[in-house]
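Trainee: Before I ask anything, here is the structure I am working with.
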Amino acid sequence: MNQLITRAFSPELEVRSAGDGRTVTGVAVPYGRPQRIDSTLTEQFRRGAFNAAIRAAHRVPFTREHLSMGGALIGRLTALRDDEAGLYFEARVSPTVAGDETLALLRDGALESVSIGFRARQNRRLADGTIERVTADLRELAVVLEGAYGEHALVSSVRAADTGLSDADTAFLRAMIAHHGSALDMARDYLAGSPSSPQVMALADRIVTGQAAEVEMMRGWLADTGGAPAPDDAMGMRSVQAARILRGLPLLPLVS
Numbered sequence: 001m002n003q004l005i006t007r008a009f010s011p012e013l014e015v016r017s018a019g020d021g022r023t024v025t026g027v028a029v030p031y032g033r034p035q036r037i038d039s040t041l042t043e044q045f046r047r048g049a050f051n052a053a054i055r056a057a058h059r060v061p062f063t064r065e066h067l068s069m070g071g072a073l074i075g076r077l078t079a080l081r082d083d084e085a086g087l088y089f090e091a092r093v094s095p096t097v098a099g100d101e102t103l104a105l106l107r108d109g110a111l112e113s114v115s116i117g118f119r120a121r122q123n124r125r126l127a128d129g130t131i132e133r134v135t136a137d138l139r140e141l142a143v144v145l146e147g148a149y150g151e152h153a154l155v156s157s158v159r160a161a162d163t164g165l166s167d168a169d170t171a172f173l174r175a176m177i178a179h180h181g182s183a184l185d186m187a188r189d190y191l192a193g194s195p196s197s198p199q200v201m202a203l204a205d206r207i208v209t210g211q212a213a214e215v216e217m218m219r220g221w222l223a224d225t226g227g228a229p230a231p232d233d234a235m236g237m238r239s240v241q242a243a244r245i246l247r248g249l250p251l252l253p254l255v256s
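Taken in order, the sequence shown gives residues 1 to 256; the numbers are from UniProt numbering.
See below:
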């Protein structure tokens with residue numbers, strides 16, 4: 001997976017007064033705490049998910065807002081470790097204009113949230129449908145203006161490439177939306193009928209949950225780059241309507 005995902009969290013951040021006062025500490029992300037991200041995703045992080053980053057903490061940049069969102073590099077992490085609260089970090093803030101400003105705002109309590117940028121490597125679905133992040137690559141830790149891990153995350157997803165989608169990308173996503181939409185329709189029709197096999201019903205439930213989330217994700221990519229299918233796009237319309245039904249949204253008007 002090459003998608004860069006961000007999750008914001010409001011821990012207790014501390015600027016250490018010892019030394020030169022340029023060390024920031026806190027918890028980057030809690031472990032084992034299910035959080036509802038949106039209508040299709042509840043996730044939690046397993047302890048040990050960031051072991052690779054712990055072994056090379058100095059390679060993780062410390063930023064003021066995420067770089068992909070116009071943020072600035074203000075330093076780097078100097079330590080990472082797992083503890084009872086979650087992934088604990090220590091960061092060294094460089095003596096730059098942005099770094100000095102960030103430290104002042106942290107001391108005043110005007111800034112109090114951090115957001116991780118990560119790439120998921122291994123996930124597993126728990127019995128209740130929660131997606132557990134088993135292993136992930138920590139790519140960035142940002143001090144952000146406001147955020148709460150979960151439903152009120154500032155940014156739920158940042159694309160790996162910010163240059164837009166090629167024609168081939170757009171064609172592939174449109175085709176996959178239609179493909180996933182057909183699977184959604186079949187699964188919903190089956191569940192609305194007279195199913196009898198618990199195993200097949202469970203499979204249909206997984207298809208509905210998983211495919212709806214992927215359809216919405218792909219449509220989000222298209223929308224962000226101006227490539228969303230029009231409401232009368234016959235190839236993707238059935239899947240779009242199915243996804244909206246599953247999310248409790250009104251159907252899009254049909255264009256004749």
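Glycine included, every Cβ here is placed at the ideal spot set by N, Cα and C.
Keep in mind it's a predicted model, so treat the numbers as computed, not measured.
1. Which word fits Gly86, buried or exposed, when buried means at least 16 other C-beta atoms lie within 10 angstroms of its C-beta?
2. What is the DSSP secondary structure of Ala178, reduced to helix, strand or coil?
3. Buried or exposed: where does Arg121 fall if 16 or more other Cβ atoms within 10 Å of its Cβ makes it buried?
4. Can you check DSSP and say which residues form a bridge with Gln199?
5. For the beta strand (DSSP E) holding Glu90, just list the boundary residues, first then last.
6. Can you tell me the Cα-Cα spacing of Pro61 and Asn123, whole angstroms?
7. Between the stretch 125 to 139 and the stretch 102 to 112, do three or more beta carbon pairs fall short of 8 Å?
8. Quick one: give me the first and last residue of the beta strand (DSSP E) that Arg108 is part of.
9. So for Ala56, helix, strand or coil by DSSP?
10. I need the DSSP call for Phe45, collapsed to helix, strand or coil.
11. Tell me which residues share the same chain as Asp20 and place their Cβ nearer than 7 Å to its Cβ, disregarding the 5 neighbours each side in the sequence.
12. Locate the beta strand (DSSP E) running through Ala127, then write down its first and last residues.
13. Note down the Cα distance separating Gly193 from Met201, rounded to an integer number of angstroms.
14. Which of helix, strand or coil does DSSP assign to Glu112?
15. Under the rule that 16 or more other beta-carbon atoms within 10 Å means buried, what is Gly181, buried or exposed?
16. Is it true that the CB of Ile116 sits closer than 8 Å to the CB of Val215?
17. With C-beta atoms as the reference, is Leu80 less than 8 Å away from Ala53?
18. If you compare alpha carbons, which of Arg125, Ala72 and Ser94 is closest to Leu41?
19. Rounded to whole angstroms, what's the CA-CA distance from Ala171 to Ala91? Just pull it up for me.
20. Relative to the C-alpha of Leu184, which residue among Gln199, Asp205, Arg174 and Ala175 is closest?
21. Using DSSP with H/G/I as helix, E/B as strand and the rest coil, what is Leu173?
22. Determine the contact status of Phe89 and Leu141, defining contact as a CB-CB distance below 8 Å.
Mentor: This is what the structure holds:
1. Numbered from its first residue, the sequence shown carries residue 86 at position 86. The residue is buried, with at least 16 neighbouring Cβ atoms inside 10 Å.
2. Reading the sequence shown from its first residue, position 178 is the one you call residue 178. Reduced to three states, the DSSP call for Ala178 is helix.
3. The residue you call residue 121 lines up with position 121 of the sequence shown. Exposed, since its Cβ has fewer than 16 Cβ neighbours within 10 Å.
4. As a first step, residue 199 must be located in the sequence shown, where it is residue number 199. Paired residue(s): none; Gln199 is not in a bridge.
5. On the sequence shown, residue 90 is found 90 positions in, with the first residue counted as 1. Element bounds for Glu90: Gly86 to Val93.
6. In the sequence shown, counting from the first residue as 1, residue 61 sits at position 61. In the sequence shown, counting from the first residue as 1, residue 123 sits at position 123. So the alpha carbons of these two residues sit roughly 24 Å apart.
7. no
8. As a position in the sequence shown, residue 108 is number 108, starting the count at 1. A small fix is needed here, since residue 108 is Asp in this sequence, not Arg. Unbroken run through Asp108 is the alpha helix (DSSP H), Val97 to Asp108; no beta strand (DSSP E).
9. Working through the sequence shown from its first residue, we reach residue 56 at position 56. In this structure, Ala56 counts as coil in the three-state DSSP scheme.
10. Within the sequence shown, residue 45 is the residue found at index 45, counting from 1. Strand at Phe45.
11. Working through the sequence shown from its first residue, we reach residue 20 at position 20. Closer than 7 Å at Cβ, skipping near neighbours: no residue.
12. By 1-based counting over the sequence shown, the position of residue 127 is 127. Note, Ala127: premise wrong, no beta strand (DSSP E); not H, not E.
13. If you number the sequence shown from 1, residue 193 lands on position 193. If you number the sequence shown from 1, residue 201 lands on position 201. If I take the Cα positions, the gap works out to 11 Å.
14. As a working note, residue 112 is residue 112 in the sequence shown. Coil.
15. Start at 1 with the first residue of the sequence shown, and residue 181 comes out as number 181. By the neighbour-count rule (16 or more Cβ atoms within 10 Å), Gly181 is buried.
16. Against the sequence shown, residue 215 aligns to sequence position 215. Against the sequence shown, residue 116 aligns to sequence position 116. Not a contact, by the Cβ cut-off of 8 Å.
17. Mapped onto the sequence shown, residue 80 falls at position 80. Mapped onto the sequence shown, residue 53 falls at position 53. Yes, the Cβ-Cβ distance between Leu80 and Ala53 is below 8 Å.
18. If you number the sequence shown from 1, residue 41 lands on position 41. Taking only the C-alpha atoms, the option nearest Leu41 is Arg125.
19. Along the sequence shown, read from residue 1 onward, the residue named residue 171 stands at position 171. Along the sequence shown, read from residue 1 onward, the residue named residue 91 stands at position 91. Roughly 43 Å between the two C-alpha positions.
20. Taking the first residue of the sequence shown as position 1, residue 184 is located at position 184. Residue Asp205 is the option with its Cα nearest to Leu184.
21. Residue numbering aside, residue 173 sits at position 173 when the sequence shown is read from its first letter. Note: Leu173 maps to helix in three-state DSSP.
22. Your numbering for residue 89 matches position 89 in the sequence shown. Your numbering for residue 141 matches position 141 in the sequence shown. Yes, the Cβ-Cβ distance between Phe89 and Leu141 is below 8 Å.
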